[in-house]
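*Asks:* Residues in the first sequence are numbered consecutively from 36, following this note's numbering. Quick one: structure below, then a few questions.
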Amino acid sequence: MRIATWNVNSIKQRMDQLVAWITERSPDIVCLQETKCVDEAFPREPLESLGYNVAAHGQKAFNGVAVLSKFRFDEVTPRLPGEESDDHARFMEAVISTGSGSLRLASLYLPNGNPPATDKYAYKIAWMDRLIQYAQERLSLEEPLILAGDFNVIPTTADARNPDRWTSDALFLPRTREKFRALCNLGFTDAVRAACEGPGPFTFWDYQAGAWQKNEGIRIDHLLLSPQATDQLIAAGVDKHVRSWEKPSDHVPVWIELGLSGASR
DNA sequence: ATGGCCAATATGATTGGA
């Protein structure tokens, strides 16, 4: 079974690329971020025609997450617990019935947090604390669990082409990386790092300053696997070539292959 | 050469992204 995550930077602007990539990669489950689209306007039909169930949680203009699944949704729960007043559409948990039992996953879009000296960074850190709390509770279920999405965290110096350029950025500050480590150390496996030696691979290249042409990339889109999901990990990778397509997102798809059968859909 | 982009909005300038 193949599970992927992709920050598409507007679902409406990226439908052609999304369909092309799905056709090429045939993922069973896709977590999307930055759909930038209210649920009523989400382009469900072309995706349903490709055989996916669609669960979207969006808002006007910014943020927005979704999950596409060839398998049935048993539960779909928007919003990260822990702060009722947080109205950003950045998180959706889904429980999915696969041929090999139940799989719980979250499609998440962690706050950017820049500039660091503002309440935006405080919001990022508070959001990470809430994510840690959520993850701790879910790990206690001892089930296959996957946290997938745009974490807006560069975990280590191996995850940026030029780490020096990111030293004072909210994506790479020591406090940010410390929180990410605290999350991972609950028992998650960073699937791409487990499968690929660094430095790289990267998942984001800025539109500006010829970042793609110079390979000035960073790795900020991650798939974190619970021990029970890690037991099934076969392969992981990044579809870098998608960044070279016409009208690309600034992020590319990241995927894992799990040894769960997809028998009954 | 240290700057260069892209998407959404009651839009022609601003905000957010990273």
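By construction, the Cβ of each residue, glycine as well, lies at the ideal position given by its N, Cα and C atoms.
(1) Closer than 6 Å by C-beta to Ser299: which residues in its own chain qualify, once you throw out the five before and the five after it? Chain order, please.
(2) Going by alpha carbons, who is nearest to Leu180 out of Ala91, Trp41, Thr265 and Trp240?
(3) In whole angstroms, give me the CA-to-CA distance for Ile131 and Leu140.
(4) Let me confirm a value: Tyr144 is counted as buried when at least 16 other C-beta atoms fall within 10 Å, else exposed. Which label applies?
(5) Please identify the residue among Phe126, Ala91, Leu138 and Gly93 whose C-alpha is closest to the C-alpha of Asp109.
(6) Using the rule of at least 16 other Cβ atoms within 10 Å of the residue's Cβ for burial, across every protein chain shown, is Asp256 buried or exposed?
(7) Can you tell me whether Thr40 is buried or exposed, with buried defined as 16 or more other CB within 10 angstroms of its CB?
(8) Taking the alpha-carbon of Val277 as reference, which of Leu293, Ile291 and Trp247 has the nearest alpha-carbon?
(9) Considering Asp194, what are the terminal residues of the beta strand (DSSP E) in which it resides?
(10) Let's test the definition: count the other Cβ atoms within 10 Å of the Cβ of Pro62 and tell me whether it reaches 16, buried, or not, exposed.
(11) My output table needs one value for Asn44: the three-state DSSP class, helix, strand or coil.
(12) Spatial neighbours of Val111 within its chain, please: C-beta separation below 6 Å, excluding the five flanking residues on both sides.
(13) Can you tell which of Ala230, Gly99 and Ala152 has the C-alpha that lies nearest to the C-alpha of Asp24?
(14) Between the C-alpha atoms of Glu83 and Ala170, what's the straight-line distance to the nearest angstrom?
(15) May I have a chain-ordered list of the alpha helix (DSSP H) segments no shorter than 4 residues that lie completely inside the region 136–224?
(16) Please say whether Arg165 and Arg115 have beta carbons closer to each other than 8 Å?
(17) In this structure, does DSSP put Glu292 in helix, strand or coil?
(18) Kindly indicate which three-state DSSP category Met36 falls into: helix, strand or coil?
(19) From Gly294 to Met36, what distance separates their C-alpha atoms?
(20) Taking 8 Å as the cut-off, decide whether the C-beta atoms of Ala25 and Ala205 are in contact.
(21) Who are the near neighbours of Val65 in its chain, counting only those whose CB is closer than 6 Å to its CB and skipping five residues on each side?
*Replies:* The relevant details are as follows:
(1) Counting from 1 along the first sequence, the entry for residue 299 is found at position 264. Summary for Ser299: the model assigns pLDDT 48, below 50, so the residue's position carries little reliability; its value from the coordinates is reported in the next sentence. Taking C-beta separations shorter than 6 Å and ignoring five residues to either side along the sequence, the partners of Ser299 in its chain run Gly134, following chain order.
(2) Counted from its first residue, the first sequence places residue 180 at position 145. For Leu180, the closest C-alpha among the options Ala91, Trp41, Thr265 and Trp240 is that of Thr265.
(3) Here the question's residue 131 lines up with position 96 in the first sequence. Here the question's residue 140 lines up with position 105 in the first sequence. Whole-angstrom Cα-Cα distance: 8 Å.
(4) The residue labelled residue 144 in the question sits at position 109 within the first sequence. Classification of Tyr144: buried, given that the 10 Å Cβ count is 16 or more.
(5) If you number the first sequence from 1, residue 109 lands on position 74. Residue Leu138 is the option with its Cα nearest to Asp109.
(6) As a position in the first sequence, residue 256 is number 221, starting the count at 1. Per the 10 Å Cβ criterion, buried.
(7) Within the first sequence, the letter at position 5 stands for residue 40. It counts as buried.
(8) In the first sequence, counting from the first residue as 1, residue 277 sits at position 242. For Val277, the nearest C-alpha among the options comes from Trp247.
(9) On the first sequence, position 159 is the one that residue 194 refers to. No beta strand (DSSP E) holds Asp194; DSSP gives it neither H nor E.
(10) Within the first sequence, numbered from 1, the residue matching residue 62 stands at position 27. Taking a 10 Å sphere around the C-beta of Pro62, we find 16 or more other C-beta atoms and assign the residue as buried.
(11) As a working note, residue 44 is residue 9 in the first sequence. Coil.
(12) Within the first sequence, numbered from 1, the residue matching residue 111 stands at position 76. Beyond the five residues adjoining it in sequence on each side, Val111 comes within less than 6 Å, by CB distance, of Ala90 and Ala129 in the same chain, given in chain order.
(13) A question about residue 24 goes unanswered here, because the residues of the chain that appear run from 36 up to 300.
(14) As a first step, residue 83 must be located in the first sequence, where it is residue number 48. As a first step, residue 170 must be located in the first sequence, where it is residue number 135. Distance between the alpha carbons of Glu83 and Ala170 is about 30 Å.
(15) Within the region 136–224, the complete alpha helix (DSSP H) runs of at least 4 residues are 154–174 and 209–219.
(16) Here the question's residue 115 lines up with position 80 in the first sequence. Here the question's residue 165 lines up with position 130 in the first sequence. The question names Arg, yet the displayed sequence has Leu at residue 115. Yes, the Cβ-Cβ distance between Leu115 and Arg165 is below 8 Å.
(17) Translated into positions along the first sequence, residue 292 becomes position 257. DSSP, reduced to helix, strand and coil, places Glu292 within a strand of the structure shown.
(18) Counted from its first residue, the first sequence places residue 36 at position 1. Reduced to three states, the DSSP call for Met36 is coil.
(19) Start at 1 with the first residue of the first sequence, and residue 294 comes out as number 259. Start at 1 with the first residue of the first sequence, and residue 36 comes out as number 1. Each residue's Cα considered, the two are about 6 Å apart.
(20) Because residue 25 is not part of the residues shown, which for the chain are 36 to 300, the question remains open.
(21) Along the first sequence, read from residue 1 onward, the residue named residue 65 stands at position 30. Ala39 and Leu103.
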